[in-house]
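In the working numbering, the protein residues as written are 42 to 552.
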C-alpha cells in the first residue's frame, strides 16, 4: 500500500499542477441616457442587442465570459450578461371593442433583463451552442454598417441550439483555395408578453409561442491572396405557435399550430403541402456577396451586397435593385481615420404588390403567374420578423416597436436611402465613431402610404480609455438625433462608464 501511495501521490500532484489556467473575461458598466422623443434616437437604440431602446434610463450591467481556446482540438466556453435599472415606458394605442374607443397603453422594459446566457463546446472547427449569445455576421461589419439584412446585432439574442463552423475552413482537395462556413440554429421566441402589450387589438395578427430558425452557407476563396471573394446565402424563418387575427377591432380567427418535431425538417427543407396553404412557416433570407482586395501597404477595400428574398420573386432575383450595397475601406493602421463605410439600401421594388399563381384560383382559366407581394419582413400568418419589437435583421427599416399606434408590423418597409460611417483614433487613448443615414419610406409592400416620409439620423461617439490611469477603464459618450416625419424629431445623449478585466483561476504557482 505504501508503495502504491508513493507512486500515486506524485502523479496526482502533477495532474493538479498541470490544470490549465481558467481565464474569465468580465465587464461591469453603468449607463444613463436621455432623449426628447418617445424612444431613444435611432442610432443610440439600434445595434446594441436591444439594451437601450427606451427614451430615458439609468441601469447597471455586468457580463462574464470564458472564450473558446481555438488552439486546442477540444474546448468549451460559457457566458452570461444581465442589465438592471430604470427605463421609461413606451406608450401605444389600444382599441377597446366594448366601448369602440382608443386608449393609451404603457409598456415598460423589465427592471432586470438577461441578455446572454450560454454554454458552448467545440471539436476541431465545429461547435455546438445552447442558450442565447450575441452573434456576428460574415459580410458586413457590425460597428459601422447599417446592419446585416437577416441577422444583425439589433435585437435581443434568441435562445436556442446552434451548430456550425467556428470560422471558414478549407474544403478538402482544394489546397486552401476554397473554404466553407455554415451554421444552423433552432430557437424559441420569448417576447409574447411584449407583443401583447404593444398590439393595438384593432388590425393585424398577434402571434405567440413562435419558434425561430436560422441557416447560413458561405464559400470563400483563399483569404491569404490579395483578392478574395465570399458568396452564399442566409435563410431564416418563424414557425409553430399560434396566431390571432383582428380586423377593425373584431377578433376574427385564432389558429393554434403548436410544435411538432417534423417542423424542424420542414423548415430545413421547405416544401408545399404543409397544410398552411403555402410553404410551412415564414421563410426569408438573402443572397450575399463580398469581394475584398488587400493592398501591399496593409489597407483593404471591400465591396459587398445582400439581396433580400421572401418569395420566389426575390430568390429568383426579380426584385430589381432591392438590397444592401456597400463599400468599405480600411486603412490598415491606427490613425485619425481608420475605416470608412458607405452603403445604399433599396427596398422599393419587392416585385410589386401582386402575387398570383394559377393554383391560387382553382376553376378559372388563369394561366399566367406573377411572383411578387414580398412585403419584406412581414408575414400575414407569423407577423413581423422582430424580437421584442426590434428588427432581427436590418434596423434601417422602422422596427414595429416604434409604431405608437400599436400596429404589429413593419409599417414602412418600402424604403430607400443611404448610410455612411467612419471611425478612428487620436493618440493611444481616444477613439471616435460617427454615423449618418437618410431614407424616404412609403408604407408597406402591399399598402403604400399616400406620401413619402423622410428621416435623417446622425450619431457621434467618443471613447476614452486611460490605460495609464487604470487599465480596463472606459468612458463613452454618444449624442444622436433624428429629424423628419418617419422617426420624428428627437435628440438624445448617452454616457457610460465601464471596467473590464480578466480573472485567472487555477493558475499554477511559481515555486
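All C-beta atoms, glycine included, are put in the ideal place defined by N, C-alpha and C.
Query raised in the report: Excluding sequence positions up to five away, which residues of its chain have a Cβ less than 7 Å from the Cβ of residue 378?
Result: Cβ-Cβ distances below 7 Å link residue 378 to 372, 463 and 465 in the same chain, with the five nearest sequence neighbours on each side left out; the list follows chain order.
Query raised in the report: So what does DSSP say about residue 126, is it helix, strand or coil?
Result: In the structure shown, residue 126 sits in a strand (DSSP, three-state: E or B).
Report task. Whole angstroms is fine: what's the gap from residue 273's alpha carbon to residue 135's? Result -> The alpha-carbon atoms of residue 273 and residue 135 are separated by roughly 43 Å.
**Report entry** the stretch 176 to 196 touching the stretch 127 to 146, judged by at least three CB pairs closer than 8 Å
**Finding:** Cβ pair count under 8 Å is below three, so no.
Query raised in the report: Per DSSP, what kind of secondary structure is residue 80 in: helix, strand or coil?
Result: Looking at residue 80 - three-state DSSP - the assignment turns out to be strand.
Requested in this report: Out of 342, 324 and 384, point me to the one whose CA is closest to residue 355's CA.
Outcome: Its Cα nearest to that of residue 355, the residue 324 stands out among 342, 324 and 384.
Requested in this report: Please report how far the alpha carbon of residue 529 lies from the alpha carbon of residue 240, in whole angstroms.
Outcome: Per the coordinates, the alpha-carbon of residue 529 lies some 21 Å from the alpha-carbon of residue 240.
Requested in this report: Just grab the DSSP bridge partners of residue 369 for me.
Outcome: Partner(s): 343 and 382.
**Report entry** Top-ranked residue by Cα proximity to residue 236, from 443, 500 and 175
**Finding:** It is 443.
Report task. Would you kindly work out how many angstroms separate the C-alpha atoms of residue 197 and residue 542, rounded to a whole number? Result -> Each residue's Cα considered, the two are about 24 Å apart.
Report task. Check residue 107 in the structure and name its three-state DSSP category. Result -> The answer is strand: DSSP assigns residue 107 an E or B state.
**Report entry** Nearest to residue 158 (by Cα), restricted to the options 119, 500 and 383
**Finding:** Here the closest residue by C-alpha is 119.
Query raised in the report: Quick one, are the C-beta atoms of residue 69 and residue 81 less than 8 Å apart?
Result: Not in contact: residue 69 and residue 81 (Cβ atoms no closer than 8 Å).
**Report entry** Straight-line gap, residue 545 to residue 455 (C-alpha atoms, nearest Å)
**Finding:** C-alpha separation (whole angstroms): 51 Å.
Report task. Ignore the nearest five residues each way along the sequence and tell me which others in residue 535's own chain have a CB closer than 6 Å to its CB. Result -> Once the five neighbours on either side are set aside, the close Cβ partners of residue 535 are 74, 85 and 519.
**Report entry** Of the listed residues 99, 405 and 521, nearest to residue 503 (C-alpha basis)
**Finding:** Just measuring C-alpha positions, the residue of 99, 405 and 521 sitting nearest residue 503 is 521.
Query raised in the report: Which value, in whole angstroms, describes the spacing of the CA atoms of residue 218 and residue 278?
Result: Roughly 32 Å between the two C-alpha positions.
Query raised in the report: residue 460 bridges to which residues according to DSSP?
Result: For residue 460, which the question treats as bridged, DSSP gives the partners 384 and 478.
**Report entry** Run of the beta strand (DSSP E) containing residue 328, from where it starts to where it stops
**Finding:** For residue 328, the enclosing beta strand (DSSP E) starts and ends at 323 to 335.
Requested in this report: Have a look at residue 89 and residue 156 and give me their C-alpha separation to the nearest angstrom.
Outcome: Here the C-alpha atom of residue 89 lies approximately 11 Å from the C-alpha atom of residue 156.
Query raised in the report: What residues match up with residue 38 in a beta bridge as DSSP calls it?
Result: Shown here, the chain extends from 42 to 552; a query on residue 38 therefore has no answer.
Requested in this report: Taking 8 Å as the threshold, find out whether the stretch 250 to 268 comes into contact with the stretch 210 to 228 through three or more Cβ pairs.
Outcome: Here the stretch 250 to 268 lies against the stretch 210 to 228, with 3 or more beta-carbon pairs under 8 Å apart.
Query - residue 195 vs residue 403 beta-carbon contact at 8 Å - result: Residue 195 places its beta carbon 8 Å or farther from that of residue 403.
Query raised in the report: DSSP state of residue 553, grouped into three classes?
Result: Shown here, the chain extends from 42 to 552; a query on residue 553 therefore has no answer.
**Report entry** Element boundaries [beta strand (DSSP E), containing residue 173]
**Finding:** Taken as a continuous stretch (DSSP letters only), the beta strand (DSSP E) holding residue 173 covers 167 to 173.
Query raised in the report: Name the DSSP bridge partner or partners of residue 178?
Result: DSSP lists no partner for residue 178.
Query raised in the report: Mapping DSSP to helix, strand and coil, what is residue 113?
Result: Here residue 113 sits in coil by DSSP.
Requested in this report: Just mark residue 113 as buried or exposed, buried being the case when its beta carbon has 16 or more other beta carbons within 10 Å.
Outcome: Answer is exposed; the Cβ neighbour count stays below 16.
Report task. Check residue 546 in the structure and name its three-state DSSP category. Result -> Strand, per DSSP.
Query raised in the report: For the putative contact between residue 180 and residue 205, defined by C-beta atoms under 8 Å, what is the C-beta separation to the nearest angstrom?
Result: No, residue 180 and residue 205 are not in contact; Cβ-Cβ is about 16 Å, not under 8 Å.
Requested in this report: Could you have a look at residue 137 and say whether DSSP puts it in helix, strand or coil?
Outcome: Per DSSP, reduced to three states, the secondary structure at residue 137 is strand.
**Report entry** Enclosing beta strand (DSSP E) for residue 230 [first to last residue]
**Finding:** That residue, residue 230, is in no beta strand (DSSP E); it is neither H nor E in DSSP.
Query raised in the report: Can you tell me the Cα-Cα spacing of residue 405 and residue 161, whole angstroms?
Result: Near 55 Å, if we compare the C-alpha coordinates of residue 161 and residue 405.
Query raised in the report: residue 306 by DSSP, collapsed to three states: which one?
Result: DSSP places residue 306 within a helical segment (H, G or I) once states are collapsed to three.
Report task. Could you name the residues of the same chain whose beta carbon sits closer than 7 Å to that of residue 150, not counting the 5 residues immediately before and after it, in chain order? Result -> Hits under 7 Å: 95 and 128.
Query raised in the report: Is the Cβ of residue 239 closer than 8 Å to any Cβ of chain C?
Result: In summary, chain C is missing from the structure at hand, where a single protein chain is found.
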